[in-house]
Amino acid sequence: MTTSRWAPFAALSGLDVHDMLALRCQVFVVEQRCAFAEIDGRDPDAVHLLLRGEDGRLEGTLRVFAPAGENGAARIGRIATAPHARGRGLGHTMMREALRFCTERFPGSAIDLSAQEHLAAFYGAHGFTAVSASYLEDDILHVDMRRLS
């Protein structure tokens with residue numbers, strides 16, 4: 469059974485931070501061959517979702533930012549599922565948790581994310597629609613998506 473926990477960055481343990489960054493590096497830097505600095509300085513401003521399996525290993529993670537900027541939308545990002553945990557619907561589980569979190573914490577706010585283009589239908593199943601043309605980021609096609617409240 470997978471357990472989930474939300475925590476602001478300051479409340480994460482050293483092990484949590486290590487596991488979260490290791491998973492994100494595995495997925496984004498190694499698997500997707502994106503040569504970028506995974507530590508972007510934005511984690512301290514986010515609330516993080518960590519999913520751990522019965523064995524304690526991190527199975528998935530994402531981060532959420534409170535509404536800010538001109539558009540006043542919350543933002544979901546750095547959604548990653550561990551290779552050993554794929555094929556069990558954890559991506560959908562994480563999205564449902566993130567949407568619940570955002571609607572409870574930021575009622576009435578839209579929610580934005582930057583989707584890899586091949587995952588647009590996945591996010592569409594959670595109520596997101598494309599709000600930009602496709603663009604290259606780290607040599608991967610992306611599209612900006614939004615879910616209205």
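Residue numbers (this note's numbering): 469 to 617. All C-beta atoms in this analysis are idealised placements derived from N, C-alpha and C, irrespective of residue type, glycine included.
First and last residue of the uninterrupted beta strand (DSSP E) at VAL515: 515-520
Straight-line gap, PHE596 to THR529 (C-alpha atoms, nearest Å): 19 angstroms
Strand pairing of GLU605, partner residues [DSSP]: ILE608
Of the listed residues ALA514, HIS594, VAL495 and SER472, nearest to ARG554 (C-alpha basis): VAL495
Proximity winner among ALA550, GLY509 and LEU519, relative to PHE533 (alpha-carbon distances): GLY509
Segment limits, beta strand (DSSP E) that includes THR471: 471-476
For PHE533, the three-state DSSP class (helix, strand or coil): strand
Supposed contact pair ARG492 and GLU506 - C-beta distance, whole angstroms, cut 8 angstroms: 5 angstroms
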